[in-house]
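Below is one structure, written out as structure tokens; comments come after it.
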Amino acid sequence: MTGRGLISLAVAAVVLLAACTRKEDRVLFGGHFYNAKAEAVDRKGDRTLFRVTVPDVAVSLENAVQAGAYEATRYCIENYGSSRILWEIGPETEPQNLPIEKGKLMLRGRCIRP
């Protein structure tokens, strides 16, 4: 086998192992995995202000909100070492006031630095 073939095989093995690990580490809400994503609203400015996008909101709005809050907490802990969040649109927002676009729930908040 050539060097290029060995490298390709090694990369494929790492990708397969990483995919298995990620699936095992998934946190389920109501038995469903919501692939929520948290990111800074302004990547070059104040990164404490973030937004969370949660797909598959039609499965369960309540569980999607919980998944979004979980992802927001992870974002704040990873970036600022604190789970404290000041929500603009979050878990305490009335369900009828939660923004949903193209089947995705949108949450916004600010990480509170310790």
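The opening position of the sequence shown corresponds to residue 239 in the numbering used here, with each subsequent residue numbered one higher. Just so you know, even glycine gets a beta-carbon here, dropped at the ideal spot from N, CA and C.
- Put simply, the backbone Cα of glycine 268 is about 13 Å away from that of alanine 296.
- Beta-bridge partners of glycine 347 (DSSP): Phe288, Trp325.
- Residue burial annotation: isoleucine 315 is exposed, with fewer than 16 other C-beta atoms found within 10 angstroms of its C-beta.
- Note that the C-beta distance between tyrosine 313 and arginine 351 is not below 8 Å.
- Assigned with DSSP and collapsed to three states, lysine 282 falls in coil, not helix or strand.
- The straight-line gap separating the alpha-carbon atoms of threonine 331 and leucine 287 is approximately 17 Å.
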